[in-house]
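Chemist:
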Amino acid sequence: MRTSKLAAVLATAIFAAAPVAAVEIKAADVHPEGYPNVVAMQNLGKKLETQSKGKYTLKMFPGAVLGDEKSMIEQTQAGGIDILRTSLGPLGPVVPEVNVFNMPFVFRDEAHMRKVIDGPIGDEILAKISASSAKLVALGWMDGGTRNLYTKKPVRKPADLAGQKLRMMGNPLFIDTMNAMGGSGISMGFGELFSAMQTGVVDGAENNVPTYVTQNHFTVAKYYDLTGHLIIPEIFVFSKAKWEKLTPEDQALIKKLAKEAQFEQRALWDKRVTMDSARLKAAGVTIVADVDKQAFYKATQPVRDKYGAQFADLIKRINDVK
Ligand code: BDP
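What the sequence shown shows, in mature numbering (1 follows the signal peptide of the UniProt record, and there is no 0), is residues -22 to -1, 1 to 300, in sequence order.
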């Protein structure tokens, strides 16, 4: 065999044996390792790797290592992050259509919220995000439970919030909500909140049980006041620039796995809420259950009027979901 022919044969053999490098999907979340959303996304990645026969791997960047949520949304729009799990809260300023779910007391309870996101209205909002100029493809929902206030003294009615500064997510709608509830809303990144509460820059905040516990916020603000003012579903989105480079088959596979992730996260979420509620009890946190929710509902009517006017038909349809 002539040398050049031998070289060619060898090259072919080596080429055939060498595995094609997998495409790495970069995923991100503000929550740490072990949090339901993070676990569900990692499992989506594992399934994607198997079902694409190794074409894709998913690398998770948890715990806000890539920045706060606002910045991660921007990175996803720019294609620096491929898949992001985010609250709808900070997505509101980018895609105003999602604000319908960000309004105070828009859902009667969590069961109502789940029914809405699982049905045609949920699909419509996902489609609106994908069709908007935000350069994102909305893949599915995740559960964000119910957000309640946490404070250094008990809060039962709007007057109890007088003079108190409460951290809210970055969206003017939430500042209006807190101001209407009787306090003073301060917009601030999630990462700064613990020390802001410690030093008294803010007096408290609001979030669901798993976040309140995971971030150790309960060690500083020891009253968890069941206002239930926001039930905000969470979402996971893909960078449109990256999405458009995928084959239709791979897009369909990711969409299928996204649906599975939505329901897997929900089961993990329910377990986590039970576990973290027990932790709160054990830690001596006071759960303020005798909150005058009706008073907070009434106080926030102007917010629903201001932001809801453009969604009147949709809100009617949301109310009609039984
Ligand atoms: C948590 C959400 C997370 C938000 C955070 C916040 O899961 O996406 O970043 O609240 O309050 O419940 O900023």
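Even glycine gets a Cβ: it sits at the ideal position worked out from N, Cα and C.
None of these values were measured; they are calculated from a predicted model.
Assign LYS294 to one of three DSSP states: helix, strand, or coil.
Modeler: helix
Chemist: Should MET159 be counted as a contact of ligand 1 given a C-beta to heavy atom distance under 7 Å?
Modeler: Placement of the Cβ of MET159 at a distance of 7 Å or more from every heavy atom of ligand 1 is found.
Chemist: Suppose the cutoff is 7 Å on Cβ atoms and the five residues either side in sequence are ignored; what does the same chain contact list for MET(-22) look like?
Modeler: With a pLDDT of 49 at MET(-22), under the threshold of 50, the modelled position of this residue cannot be trusted, and the question is left open.
Chemist: Measuring CB to CB, does MET81 end up less than 8 Å from VAL299?
Modeler: no
Chemist: Can you give, in chain order, each stretch of the alpha helix (DSSP H) that sits fully within the segment 158 to 237 and has at least 4 residues?
Modeler: Within the segment 158 to 237, the complete alpha helix (DSSP H) runs of at least 4 residues are 171 to 177, 187 to 192, 218 to 221.
Chemist: Tell me the DSSP secondary structure of LYS33 in three-state form.
Modeler: coil
Chemist: For ligand 1, I want to know if THR64 counts as a neighbour, meaning its beta carbon is within less than 7 Å of at least one of the ligand's heavy atoms.
Modeler: Distance from the C-beta of THR64 to the nearest heavy atom of ligand 1 is below 7 Å.
Chemist: What does DSSP give as the partner residues of SER65 in its beta bridges?
Modeler: In DSSP, SER65 forms a bridge with GLU212.
Chemist: Go through its chain and collect everything with a Cβ distance to MET91's Cβ below 7 Å, but skip five positions before and after it.
Modeler: Within the same chain, MET91 has close Cβ partners PHE85, ILE209, PRO211.
Chemist: Unbroken beta strand (DSSP E) runs of length 3 or more, entirely within the segment 247 to 285: which are they?
Modeler: 264 to 266
Chemist: By alpha-carbon positions, which one of MET120, GLY161, ARG250 ends up nearest to ASP7?
Modeler: When each option's Cα is compared against that of ASP7, the closest is MET120.
Chemist: Kindly indicate the opening and closing residues of the alpha helix (DSSP H) around LYS106.
Modeler: 98 to 109
Chemist: State the DSSP-derived secondary structure class of ASN21, mapped to helix, strand or coil.
Modeler: helix
Chemist: My output table needs one value for ARG244: the three-state DSSP class, helix, strand or coil.
Modeler: helix
Chemist: Could you spell out the range, first to last residue, of the alpha helix (DSSP H) harbouring THR124?
Modeler: First-last for THR124: undefined, no H or E at that position.
Chemist: Taking Cβ to Cβ, would you say TYR201 is nearer than 8 Å to PRO136?
Modeler: no
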